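Encoded as structure tokens, the structure appears first; notes follow it.
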Amino acid sequence: MPNKIKIVFLGNCASAPTSLRNLSSLLLSYNGQGYLFDCPENTQQQIMKSSQSAMKINNIFITHMHGDHYFGLFGLLSSFKLNNRVSNLNIYVPKGEKVFLERLIALIISDIYKLDYKINVIEIERGKALDTQDIVVEAIPLLHSIKTNGYIFKVKDKVGRFNKAKALKLNIPEGQLFSRLQKGQSIKLGGKIIHPKDVMDFTFRKVGKKIAYLTDTMPLKKIPKALEDIDILVHESTFFKEDSRKAILVKHSFAEEVLEFSSKARAGCVYLTHISGKYTDLDKREKQLLKKNKSVRIARQLQEIEIDDYK
Ligand SMILES: [Zn+2]
Ligand SMILES: [Zn+2]
Numbered sequence: 012m013p014n015k016i017k018i019v020f021l022g023n024c025a026s027a028p029t030s031l032r033n034l035s036s037l038l039l040s041y042n043g044q045g046y047l048f049d050c051p052e053n054t055q056q057q058i059m060k061s062s063q064s065a066m067k068i069n070n071i072f073i074t075h076m077h078g079d080h081y082f083g084l085f086g087l088l089s090s091f092k093l094n095n096r097v098s099n100l101n102i103y104v105p106k107g108e109k110v111f112l113e114r115l116i117a118l119i120i121s122d123i124y125k126l127d128y129k130i131n132v133i134e135i136e137r138g139k140a141l142d143t144q145d146i147v148v149e150a151i152p153l154l155h156s157i158k159t160n161g162y163i164f165k166v167k168d169k170v171g172r173f174n175k176a177k178a179l180k181l182n183i184p185e186g187q188l189f190s191r192l193q194k195g196q197s198i199k200l201g202g203k204i205i206h207p208k209d210v211m212d213f214t215f216r217k218v219g220k221k222i223a224y225l226t227d228t229m230p231l232k233k234i235p236k237a238l239e240d241i242d243i244l245v246h247e248s249t250f251f252k253e254d255s256r257k258a259i260l261v262k263h264s265f266a267e268e269v270l271e272f273s274s275k276a277r278a279g280c281v282y283l284t285h286i287s288g289k290y291t292d293l294d295k296r297e298k299q300l301l302k303k304n305k306s307v308r309i310a311r312q313l314q315e316i317e318i319d320d321y322k
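Numbering (my numbering), first residue to last: 12 to 322.
In structure tokens, the structure reads:
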């Protein structure tokens, strides 16, 4: 049975919230862990309204230090303390922003040194931000008015399949020795060494899904390798075509060019988010975009989707 990745859009608004739309952020849930991408004001309440729990979040990825992407962090950190959090928390920020964020946290949360959990602020410019047993989160530089990271969450590929029949033929007893070979360790049996390659089929490969969160940015000129064949692309679309000149001026994207970008990346599905609060006819606009590209969606506040972890 495949495991599921749950994707929760906590909001879809740009710059300032409206009475109906919260600012953009994304919560991914996989194998019991929560991964939060951006933490604008009101993120806590949005999580409470979703099917997820903030206490499962051990890694927060901040795209950049514009207020609509991190002003909710301080409230969340305080609530963690009130909820007796003890597990450490990693917060990833673009290069050059670590000291700034640490100072802000220390200023705003006066009893920061009495927290029962440790906050690690980690700077990342590009490449692996987080590498665990089952997933990798990679950062890529975006095109915005200040240093901004996009993040790509990927389930690690599974290479190799255990051939039980072969193992039994070699008289290996089922149990512990099986699992050692599956873990890539050689074993000794009756004076003979048996290597994983003797019982594993290494031509077998299960490809893990990947989800990208790219905001705020103009569409990248080139598709980075890590973005190719992305399963779910979550991309900012602060504007639509009639405001394309403004988009270029303030280094944001408009929907129609994001569609082109997503086709170039061969994205399975593209969700537009970080949409200016001035647009109030998102249903109509989504219908129009669907005529151009069937795999486009406008992310809706508190929308939750679920996908299998492997292709
Ligand atoms: Zn923004
Ligand atoms: Zn911004």
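Ideal Cβ positions, reconstructed from N, Cα and C, are used throughout, including at glycine.
Predicted, not measured: the structure shown is a model, and the values here were computed from it.
Beta bridge counterpart(s) of residue i as assigned by DSSP
| i | result |
| --- | --- |
| Phe20 | Leu37 |
| Val97 | DSSP, once it has assigned bridges, lists no residue as partnering Val97. |
| Tyr162 | Ala150, Tyr224 |
| Gln44 | Tyr41 |
| Asn131 | Asn101 |
| Gly219 | Tyr321 |
| Phe173 | Met211 |
| Leu283 | His246, Ile309 |
| Ile71 | Leu47, Ile102 |
| Lys15 | Asp319 |
Proximity winner among the options, relative to residue i (alpha-carbon distances)
| i | options | result |
| --- | --- | --- |
| Gln63 | Lys322, Tyr321, Glu317 | Glu317 |
| Asp145 | Arg32, Lys169, Leu39 | Lys169 |
| Ile16 | Asn304, Tyr41, Leu37 | Tyr41 |
| Ile243 | Tyr282, Ile68, Val166, Lys92 | Tyr282 |
| Gly202 | Leu270, Ile183, Ala310, Ser190 | Ile183 |
| Lys275 | Phe189, Lys233, Leu301 | Lys233 |
| Ile222 | Phe164, Phe91, Arg296, Val132 | Phe164 |
| Arg256 | Glu247, Met229, Ser98 | Met229 |
| Ser98 | Leu126, Ser121, Glu113, Asp122 | Leu126 |
| Asn101 | Gly288, Lys194, Glu134, Val261 | Glu134 |
| Phe265 | Ser248, Gln55, Thr226, Gly279 | Ser248 |
| Ala278 | Ile259, Gln196, Glu315, Asp240 | Asp240 |
| Phe82 | Lys92, Gln57, Pro51, Asn94 | Pro51 |
| Ser121 | Arg96, Gly107, Leu88, Arg296 | Leu88 |
| Ser30 | Lys302, Thr291, Met59, Lys322 | Thr291 |
| Lys295 | Phe251, Phe173, Ala237 | Phe251 |
| Lys236 | Pro152, Gln196, Gln314 | Pro152 |
| Lys167 | Leu141, Asn174, Lys177, Ala176 | Leu141 |
| Gly138 | Leu118, Asn160, Tyr128 | Asn160 |
| His77 | Asp49, Ile58, Lys60 | Asp49 |
| Lys322 | Leu37, Val218, Lys303, Glu253 | Val218 |
| Val19 | Ser61, Gly43, Tyr224 | Ser61 |
| Lys208 | Ala150, His75, Leu37, Ala178 | Ala178 |
| Glu136 | Leu93, His206, Glu108 | Glu108 |
| Tyr162 | Gln55, His75, Lys289, His263 | His75 |
Three-state secondary structure assigned by DSSP to residue i
| i | result |
| --- | --- |
| His246 | strand |
| Thr54 | helix |
| Gln312 | coil |
| Ser62 | coil |
| Pro207 | helix |
| Gly138 | strand |
| Asp254 | helix |
| Glu267 | helix |
| Ala278 | coil |
| Gly288 | coil |
| Val307 | strand |
| Ala380 | A query on residue 380 cannot be resolved here, the shown segment of the chain reaching from 12 to 322 and no further. |
| Arg32 | coil |
| Lys233 | coil |
| Leu88 | helix |
| Leu126 | coil |
| Leu179 | helix |
| Ile119 | helix |
| Ile198 | strand |
| Ser259 | In the sequence on display, residue 259 carries Ile and not Ser. Three-state DSSP puts Ile259 in a helix. |
| Phe82 | coil |
| Glu297 | helix |
| Lys109 | helix |
| Gln193 | helix |
| Ser156 | coil |
| Gln144 | coil |
| Lys167 | coil |
Supposed contact pair residue j and residue i - C-beta distance, whole angstroms, cut 8 angstroms
| i | j | result |
| --- | --- | --- |
| Phe111 | Gly171 | Not a contact, Cβ separation roughly 44 angstroms. |
| Gly312 | Asn33 | A small fix is needed here, since residue 312 is Gln in this sequence, not Gly. Between Asn33 and Gln312 the Cβ distance is about 6 angstroms, and since that is below 8 angstroms, they are a contact. |
| Tyr46 | Asn14 | Not quite, the Cβ-Cβ distance comes to about 14 angstroms (not below 8 angstroms), so this is no contact. |
| Phe85 | Ile130 | So it is not a contact: roughly 11 angstroms between Cβ atoms. |
| Val104 | Val132 | 6 angstroms |
| Met66 | Arg96 | 7 angstroms |
| Glu297 | Ile286 | With a Cβ gap of about 10 angstroms, Glu297 and Ile286 do not count as contacting. |
| Lys220 | Leu270 | With 8 angstroms as the limit, Lys220 and Leu270 do not qualify as a contact, their Cβ atoms being about 21 angstroms apart. |
| Gln44 | Leu21 | Not really, about 17 angstroms apart at Cβ, beyond 8 angstroms. |
| Phe91 | Tyr128 | 7 angstroms |
Notebook entry, point to check: Pairing CB atoms from the region 207-214 with CB atoms from the region 22-34, are three or more of them under 8 angstroms?
Noted result: no
Next item on the list: Inspect the CB distances between the region 185-204 and the region 151-164 and report whether three or more fall short of 8 angstroms.
Entry: no
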